[in-house]
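Chains as they are written, first to last, in the numbering used here: chain Z, 95 to 425; chain B, 3 to 331; chain L, 253 to 652.
Note that CB positions come from ideal geometry on N, CA and C, so glycine has one too.
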Amino acid sequence: MNTKTTLRITYREALKHGLREALINDDMVFLMGEDVGRYGGAFAVSKGFLEEFGEDRIMDVPLSESGFVGAGIGAALGGMRPIVEVMTVNFSLLALDQIINNASTLLHMSGGQINVPVVIRMNSGIGNQLAAQHSHSWEPFYAHVPGLKVVSVGTHEDARGMLLTALESPDPVIIFEYTSLLNMESEIPLDSGAMDIDKAKVRREGKDVSIITYGPGVYKALAAAEELNLSGIDAEVVDLRVLNPIDNETILTSVAKTHRVLIVEEAWRSVSISSEIISRIMEHAFFDLDAPVQRLCGVEVPIPYPKHLEDASIPQKEDIVNSILNMVQYD
Amino acid sequence: MENEETNPSPTIDAKLGLALLYQMILIRRFEEKSAELYTKEKIRGFLHLYVGEEAVAVGVMQSLTEDDNILSTYREHGHALARGVDPGSIMAEMYGKREGCSMGRGGSMHLFDVAKKFYGGNAIVGGHLPLAVGMALASKKQGQNNITCCFFGEGAIAEGEFHESMNLAALWKVSVLFLCENNLYGMGTALRFSHSIQELEKKGDAYGVESAAVNGMDVLEMKKAVEKATAYIRSSGKPYFLVCNTYRFRAHSMFDAQLYRNKKEVEVWKERDPISTLRNQLLEKNLISNDDIDLIEEKVKTEVQKAVDFAEAGTFEPIGELTKYVYSS
Amino acid sequence: MIEFKMPSLGADMEDGTLVEWRVKSGEAVKRGDIIADVDTQKGLIEIEVFEEGTVDRLVVKEGEKVPVGTVMATIIPIGALESSRKESVQVKAVSEVKQKAKTQITTEPAKQPLKEGSIVSHKHLKISPLAKRMAVEKGIDLTTIKGSGPEGSIVKKDIELAAKTKEESHMEASEEKKEIASRGIRDAIAMAMSRSNREIPHFYLETRIDISKALEWLKETNKERELKDRLLSVVLLIKATARAIKEVPVVNAYWENGLQLKDVINIGFAVSLRKGGVVIPAIHDADQKSPAELMTLLKDLIPRARALKLRSSELSESTITLTNVGEGNVDKVFGVIYPPQVAIIGFGNIVEEAWAENGAISARPVIHVTLAADHRAIDGYLAGRFLTALKHHLQNPETL
Chain Z
95 MNTKTTLRIT YREALKHGLR EALINDDMVF LMGEDVGRYG GAFAVSKGFL
145 EEFGEDRIMD VPLSESGFVG AGIGAALGGM RPIVEVMTVN FSLLALDQII
195 NNASTLLHMS GGQINVPVVI RMNSGIGNQL AAQHSHSWEP FYAHVPGLKV
245 VSVGTHEDAR GMLLTALESP DPVIIFEYTS LLNMESEIPL DSGAMDIDKA
295 KVRREGKDVS IITYGPGVYK ALAAAEELNL SGIDAEVVDL RVLNPIDNET
345 ILTSVAKTHR VLIVEEAWRS VSISSEIISR IMEHAFFDLD APVQRLCGVE
395 VPIPYPKHLE DASIPQKEDI VNSILNMVQY D
Chain B
3 MENEETNPSP TIDAKLGLAL LYQMILIRRF EEKSAELYTK EKIRGFLHLY
53 VGEEAVAVGV MQSLTEDDNI LSTYREHGHA LARGVDPGSI MAEMYGKREG
103 CSMGRGGSMH LFDVAKKFYG GNAIVGGHLP LAVGMALASK KQGQNNITCC
153 FFGEGAIAEG EFHESMNLAA LWKVSVLFLC ENNLYGMGTA LRFSHSIQEL
203 EKKGDAYGVE SAAVNGMDVL EMKKAVEKAT AYIRSSGKPY FLVCNTYRFR
253 AHSMFDAQLY RNKKEVEVWK ERDPISTLRN QLLEKNLISN DDIDLIEEKV
303 KTEVQKAVDF AEAGTFEPIG ELTKYVYSS
Chain L
253 MIEFKMPSLG ADMEDGTLVE WRVKSGEAVK RGDIIADVDT QKGLIEIEVF
303 EEGTVDRLVV KEGEKVPVGT VMATIIPIGA LESSRKESVQ VKAVSEVKQK
353 AKTQITTEPA KQPLKEGSIV SHKHLKISPL AKRMAVEKGI DLTTIKGSGP
403 EGSIVKKDIE LAAKTKEESH MEASEEKKEI ASRGIRDAIA MAMSRSNREI
453 PHFYLETRID ISKALEWLKE TNKERELKDR LLSVVLLIKA TARAIKEVPV
503 VNAYWENGLQ LKDVINIGFA VSLRKGGVVI PAIHDADQKS PAELMTLLKD
553 LIPRARALKL RSSELSESTI TLTNVGEGNV DKVFGVIYPP QVAIIGFGNI
603 VEEAWAENGA ISARPVIHVT LAADHRAIDG YLAGRFLTAL KHHLQNPETL
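Written out as structure tokens, the structure is:
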């Protein structure tokens, strides 16, 4: 017997599977975004969908981020389940008014009368030598806003399954997907389906130190943990997954277990997700700490074009390994 | 594109006349009471009054059905009242009481009543235009024939979101009534200092959106223009852009010295007071008597007092519920 | 707030080493409670408190030597606590919480080593929050730990090691304390004996006593006793000494600005410690106690002396000293007087010797008794009378 129970799949394909399933499952779901139709999606995630689902479900939109993101929000008010694809997080700045002044506030301003079940997907992150304007990591920015649910797709399973759950949410969900992971292959269970959008997940159990991360940091941290394992260091990897509201419990449980924390994130250091995680650890787990919390973050510089400088501007696997070796050197 | 001067005199009967008059007077007195309550610190925050513009809201609502969606601006008391949102719940909202139409969470600028399909009270200039397009898009996708009416001021036309929304609505052929209330001032900046082309209805051409301008100081002309607009939308499924030329008699908000306009200009416009205009039309045609007007005033007075009493009797939400309505669960 | 200071237990006491706190911060104490063990020049002393209240802060840490008068602890007087309790329940609750928090947080700084001059050092200790929490839970004294973490901070590992060491040495803990104490005792003996030799003009007398009758008497009386109640010869020596003192009281005195005769007969009984050193607990009112009572007393006193658990009165109130080297094969001992006493009696081993009596020689159990006396206080005549009296009483055991 050698029944195959997993599927080898790229991150892009995983996104595509999830998106396709969502469109098949519910007629109220439709995809709107720049070049999602005829072009096949800027990152080929929705390639072939226009033919399969038709113009009504796969809507190309003009370069009007505020307009079409707002229209997506309006469509959600009108009873639809829109998936708005903002080609990249960089352009979402043009739609910030819609996301922050409308999507996140309407439930509250209306005293609970109005739900905004819109899902906004954005490609994000650093890694293809796209230079300063196309390499933003705005997770901290969006995670700052009450009323928005913000999730970060750091693994293939989540790429496959987070969208499905996001569409069930009565509240607006911002999904961060990562350009740098699109071509990466991994195994996911054949029956992989909807993934929760409430909890952080321990991706690797360990006892010596907790690496808390999200997005592209997850696979880097896992690789680093394997390398550290050769040195006898047993690192736990916690994938935050949900950046707002943050799941305290998983973080604090891990801290209570390992007593040492390294946070890894690609976004700029100051006023970041890591800042928030550290604060929460201070507030709730201070007496579990055996060492100061450390973090590796994006260097605070507009992301440069040359590869070596781009690589140097975000944490790499080697940085994670070295940081942890440094943290445990006293053992 | 039509010209407002070419409109023939609309027809009217006593019943309709009294109804329109009642609604406009209700708005007027409600707003005056609000101003008074503001000075007494019962109402706080920003308070933008609709005095002078009543004909627009009342005229528009005559042609909208209960299935039509309405999105409005921060100067929306008149729209809400004309739509039939309970005056008590509006006043309570401005008091910040949980009996308010938005549970007191919104205040003057954020009146919501989903049962009346009244979607705010949106206070970022131009920000709700894309929402209107989206709501109309949803209606279209669900095979509904309803209109989404979006009120905005002429200030919003300078925003990118106006242009994006006009384009999207025309591109997607969705049923939006873009209803511009041109009261000549974006806060304190006159139209001529904001727009290169001041005949705003011309902007519709650029997007292929059917457009017209109307005398917003005359409720009968308003009514007629909106009848035409809505008929067009319902038959074509396309958007329509209606510019209603009007004027606000009071300041932009409560704390405004009105340095940007002279009193003479205000007085000239007040001669075109929409309430006086309708009243005179009705009196001239002997459709109503002065007694009828006194009766309306009396009824409005009672209604406004009822609203104030309701607001006064309302309760404040306990602080323990502060974080309600952030997420649904 | 009451300041509990290192007490002056005698004019010559300059300082004391805190060996052990018997109370904790927050514990209620009443008048007469023993709150600390302090090693002094005179040996380990249990220190009593004379106030009622609640221990606030233990200022001096164990192992620390501080001069007389140094604040060792602070105590909240019972009245003060009561009146503050009356203020309001809420205030109390809050202050209790604060107090708790304060205790937790300040426990460790309170144990900071004292700098010279007994000024409390406020230098912050680098310690991880986890290690700090563990230290409180495991009762680890942070000042004894050297941190192995970043910047020399104390981390979990250090606390675990300390806890392990503490556990392992738990059984030896009292031994350790004894060592601290016996180091003190060594110093104390050195000081006292030097002073004695320097200041006291000793003279020595010796006699031999036929102890056969006494042993016979013991044998008979022990026949009637349970094993656990049986008497040892030493009680007869003590009892006889007490009787002799009553007849020649000049040996029972202090030389402090002249001779001061003592009203009570408290015989200091030298107990040697296994690790070296001698402690001399007092047998109070030895003259008034029966041999059986003396036996019971010794059974309590000797182990306590060896465990260095003597009360201050037992250590400081001897009026004369008796040293008995009978356990080691030594015939006679010439003692050095323990100032400010004026005499020390030394008993050797009981040995069988040829004894001439009435022109005949026979073998008898014999004990050699010596008296070392301060010639400033006593002359040979009285000293001789004392030994004669002692001999008489030992030879008539039935009268003891």
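A Cβ-Cβ distance of about 24 Å is found for the pair K301(Z) and Q410(Z), leaving them out of contact under the 8 Å criterion. Between I328(L) and the set I287(L), G321(L), M253(L), the nearest pair of CA atoms involves M253(L).
Short of 8 Å from the beta carbon of K551(L), and not among the five residues preceding or following it, lies no beta carbon of its own chain. Within the model, the alpha-carbon separation for F180(B) versus F243(B) is close to 5 Å. For D69(B), there is no enclosing alpha helix (DSSP H), as DSSP marks it with neither H nor E. Beyond the five residues adjoining it in sequence on each side, A492(L) comes within less than 7 Å, by CB distance, of L642, H645, L646, L652 in the same chain, given in chain order.
Here K287(B) carries a coil assignment [DSSP, helix/strand/coil]. Bridge partners of T459(L) according to DSSP: V621(L). I268(Z) sits in a strand when the DSSP states are folded into three classes. Within chain B, no residue has its CB atom less than 7 Å from the CB of H238(Z), the nearest being about 13 Å off. DSSP places W174(B) within a helical segment (H, G or I) once states are collapsed to three.
In the DSSP assignment, the residues bridged to M153(Z) are M126(Z). Less than 8 Å divides the Cβ of T306(L) from the Cβ of E279(L).
Ranked by Cα distance from T150(B), the options G128(B), S177(B), V127(B) are led by S177(B). Boundaries of the alpha helix (DSSP H) around K272(B): 265 to 272. Secondary structure of T396(L) (DSSP, three-state): helix. A136(Z) and M181(Z) do touch by the CB rule: their CB atoms are close to 5 Å apart, below 8 Å. Between I167(Z) and N195(Z), the gap from beta carbon to beta carbon reaches 8 Å or more.
Using a Cβ-Cβ cut-off of 8 Å, A329(Z) does not count as an interface residue toward chain L, since no Cβ of chain L sits closer than that to its own. The C-beta separation of L170(B) from F162(Z) comes to about 7 Å, placing the pair in contact by the 8 Å criterion. The beta-carbon of S160(Z) is placed less than 8 Å from the nearest beta-carbon of chain B. Below the 7 Å Cβ cutoff, chain Z contributes G164, I167, G168, L171, N196 as neighbours of L133(B), in chain order.
Assigned with DSSP and collapsed to three states, Q593(L) falls in strand. Scanning the stretch 248 to 315 of chain Z from its first residue to its last, the whole beta strand (DSSP E) runs of 3-plus residues come out as 267 to 272, 279 to 283, 295 to 298, 303 to 307.
Identification of chain Z residues near V62(B) by a Cβ-Cβ cut-off of 8 Å yields none; the smallest Cβ-Cβ distance measures about 19 Å. In this structure, the straight-line span from the alpha carbon of E233(Z) to that of R236(B) is close to 43 Å.
Annotated three-state conformation of S110(B) is coil, per DSSP. DSSP places E298(L) in the strand class (E or B) of the three-state scheme. With respect to the C-alpha of Q144(B), the residue from A116(Z), E281(Z), L171(Z), M289(Z) having the closest C-alpha is L171(Z). With respect to S405(L), S380(L) sits close: the two C-beta atoms are nearer than 8 Å.
Not a single C-beta of chain Z is nearer than 8 Å to the C-beta of R438(L). At the C-beta level, G255(Z) and A288(Z) come within 8 Å of one another.
Counting only runs of at least 4 residues, the stretch 200 to 243 of chain Z fully encloses the following alpha helix (DSSP H) elements, listed from N- to C-terminal order: 200 to 203, 233 to 237.
Between S218(Z) and L188(Z), the gap from beta carbon to beta carbon reaches 8 Å or more. Here DSSP, grouped into helix, strand and coil, assigns K584(L) to coil. Within the model, the alpha-carbon separation for Q593(L) versus L553(L) is close to 21 Å.
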